[in-house]
Every structure is written in structure tokens, then in C-alpha cells.
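So for the sequence shown, the working numbering puts the first residue at 1; every next one is plus one.
Where a beta carbon is used, it is the ideal one built from N, C-alpha and C, also for glycine.
Computed from a predicted structure; not experimentally measured.
A quick write-up on the structure given underneath.
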Amino acid sequence: MILNTVTVRAPATSANLGPGFDCIGMALDIWNELTLTRGEFSVSAVGEGADLVPRDSSNLVVMGVEAVFNYIGELVPGLQYECTNRVPFSRGMGSSSSAIVLGLLAGSAISGADLSKEELTMIAADIEGHPDNVAPAIYGGCTIGVHNGDAGWVVDQVSIPEDLNAVLFVPEMFVNTHESRGRLPDRISRVDAVFNIGRAALLVNALSTGRLELLRYATDDRLHQPQRSEGFGAMPHLIAAALTGGAHGAFLSGAGPSVLALATGREVTISYEMAETARHFGVDGKTMILAVTRAGASVVSGAAGA
Ligand code: HSE
């Protein structure tokens, strides 16, 4: 059914989880919202990064909506965009993917196309270039995504313990993902590849069997964290502090700068240890404790009338 207005929500996400660079990610229980209404084009935003997001067609929410209309072969109608942003902006918590997914889902609903999760994921991952934020934003929980030639993006969900929480230290600085990726080498040694392959497999198995004591080893990485720590010397110390505080495992969230610890208890102690370590290294920021959510992006409400 074609709608006049729709409100959708999409969660924050954390990508990589240590060794799963560009493939593995999970959804966090904090949500951005978009209300899309037919009318003269306008973009408004409140909340995180509201002063920084563009108000034209380069806005990722707008790009998401327009991608749906292109996908279904229809002209983009006049639309008003009202964004409520709660996911910290440019901190490695998937704010860009959340925006893309909001746009796709809202475009899908208002046009009446009602695209499947698989279709939304294909379009979103093509826009983003990798599926480790957009897939968990769409499906919820923890996902693995790979690109497989003609088959496109292949995504599967990983079972996770029900009581899994994320404790984050969110530094008061922005990281540009594109620039951060530019610092990563194109080639790696076989030794480093083996290091990550084993840990990515161990990570998925530890999450799905609930053997969380393995996460201490399974969240280590050689593909991006050591390189990214060159511009953020406190990172390994924040990870170590989280483990000292009782986290099962800890890693750089996405391209950073946030550091995320996985926990099923002692969350306050972990956040205290991370905050103290950040203070010691002169890194301003805040801690957050968020559940890992099984819910993905969804339509909150919609109406067909004028
Ligand atoms: N896998 C991506 C990266 C996540 O680490 O660059 C951030 O977009």
C-alpha cells in the first residue's frame, strides 16, 4: 500500500568485532528514527550530529530513499525528512549505516514496494561497500556478510546469548571511516591471515555456543586494529582495561574511535575501568552500556491518508 507518511527506526551497530573485518557486526539497543512525509523536499534533524548532516540529496537518509525509488524504477516524489538521531555520530557505532537503512526502509514502505530484508541488504551493502554495519542494522543481532560474485551479498545470522551487553567508551572525537580505511595496507602476511581466520571462526563459535570465555582470544585482530591504534594510542589500553574490569572480550568498534567490551555482568566496573584509563591517557569521552539487540530496523507507524 502506498503511504502518505511513515516513521521507521534503525539501531546502532558495531562492526568487525575484532577479527571479522568488513564481515561481522552486531546491533546495539539505541535507535535513530526517520519520519518521511509526502510534500515539498526538506530535511530536518535533531540530536546527535544534527548540525553536521547535510540538508540536501547528499544526506545518507535521502540517498537511501532515492535508492529504493531507483530500484523499483519510479521517479522520486517530493518528500519531507525529519530525523531524530540518537546514535553517536562518526564514532564507530554505525550512524552512517543506520541512516542508509532508515532511508531504504522508509522508501520501501512509503512507495508500497515493501522490499524484503534480502533486497534491502543488497542495496544497503552496495551503497556502504561492506555489509558489517548495514546487515545487523536490518536483521538485528549478530550477522556475517560476504560478497560472492554473481550471488551478491550473502548474509547469515549468528546465535548470541540473550543477556549480552556492550559497554562502550565513546571518545569525544570524530573518525572519518574513509580516511581510516585508507591507512590500512592492501596486503597482509599469511601469518596474519591465519591469525584472523582462526579468531573470526572462534568468535562466531563462542557467541553461538555461549562459551564466552573464548572471546578474550577471539576478539583479537591483526588486520586493522594495530594500524588504527597508530593514530589512537589509548586504544589497546582501553581494551586491556575492559578485560581487567571483567569483559569477556573487547575491540575497536568499527573504524573507531569507540572501544566496545562484551559483558554479561560487571558492566559498571568495566565502564569505570575504561573511563579511568581514558582519563589517564587524556582522552575525553563518555561511557555507554547498551544491550545487544535482536531487533533490526522496523516500521514504527505509517498512514495512507493525506
Ligand atoms: N568494516 C568497516 C571498517 C566498518 O572497519 O572500516 C566501518 O565502516
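{"Check": "Alpha-carbon to alpha-carbon, L184 and R228", "Outcome": "8 Å"}
{"Check": "N- and C-terminal bounds of the alpha helix (DSSP H) containing H280", "Outcome": "E267 to H280"}
{"Check": "Among A50, L34 and D56, nearest to F41 - alpha-carbon criterion", "Outcome": "D56"}
{"Check": "Which listed residue (L104, T244 and S58) has its alpha carbon closest to that of K117", "Outcome": "L104"}
{"Check": "The segment 165-182 in contact with the segment 85-105 per 3-pair CB rule at 8 Å", "Outcome": "yes"}
{"Check": "Cα-Cα separation between T37 and T5, rounded to whole angstroms", "Outcome": "4 Å"}
{"Check": "Same chain, Cβ closer than 6 Å to V76, neighbours up to 5 away in sequence not counted", "Outcome": "E66 and F69"}
{"Check": "Euclidean distance between Cα positions of L17 and I24", "Outcome": "7 Å"}
{"Check": "Spatially closest choice to D150 from T35, G296 and M122, by CA coordinates", "Outcome": "M122"}
{"Check": "Option nearest H237 by Cα separation, candidates S258, A45 and G152", "Outcome": "S258"}
{"Check": "Supposed close pair P11, T293 - CB separation, criterion 8 Å", "Outcome": "6 Å"}
{"Check": "C-alpha gap between D51 and A45, whole angstroms", "Outcome": "8 Å"}
{"Check": "Contact between the segment 215-227 and the segment 247-255 (3+ Cβ pairs under 8 Å)", "Outcome": "yes"}
{"Check": "Distance CB(A318)-CB(V299) smaller than 8 Å", "Outcome": "It is not possible to answer for residue 318, since the shown part of the chain is limited to 1 through 306."}
{"Check": "Near the ligand PLP: A263 beta-carbon under 7 Å from a heavy atom", "Outcome": "Ligands present in the displayed structure are limited to the ligand HSE, and the ligand PLP is not among them."}
{"Check": "Secondary structure of H248, DSSP reduced to three states", "Outcome": "coil"}
{"Check": "Anticipated Cβ contact below 8 Å, V154 with T143, distance rounded", "Outcome": "Not confirmed; about 11 Å, so no contact."}
{"Check": "Cβ neighbours of V283 in the same chain (closer than 7 Å, five flanking residues each side left out)", "Outcome": "P171 and A234"}
{"Check": "Endpoints, the beta strand (DSSP E) within which P171 is located", "Outcome": "N165 to P171"}
{"Check": "Per-residue burial, A193 [other beta carbons within 10 Å of its own, 16 or more giving buried]", "Outcome": "exposed"}
{"Check": "CB contact flag (A137, S97, <8 Å)", "Outcome": "yes"}
{"Check": "Near the ligand HSE: T177 beta-carbon under 7 Å from a heavy atom", "Outcome": "yes"}
{"Check": "Whole-number beta carbon distance between V101 and A125, since they are thought to touch under 8 Å", "Outcome": "So it is not a contact: roughly 10 Å between Cβ atoms."}
{"Check": "H147 CB to nearest heavy atom of the ligand HSE below 7 Å", "Outcome": "no"}
{"Check": "Proximity test, A137 beta-carbon vs the ligand HSE heavy atom, cut-off 7 Å", "Outcome": "no"}
{"Check": "Beta-bridge pairing of H147 - partner residues as DSSP gives them", "Outcome": "W153"}
{"Check": "Helix, strand or coil at D29 [DSSP, three-state]", "Outcome": "strand"}
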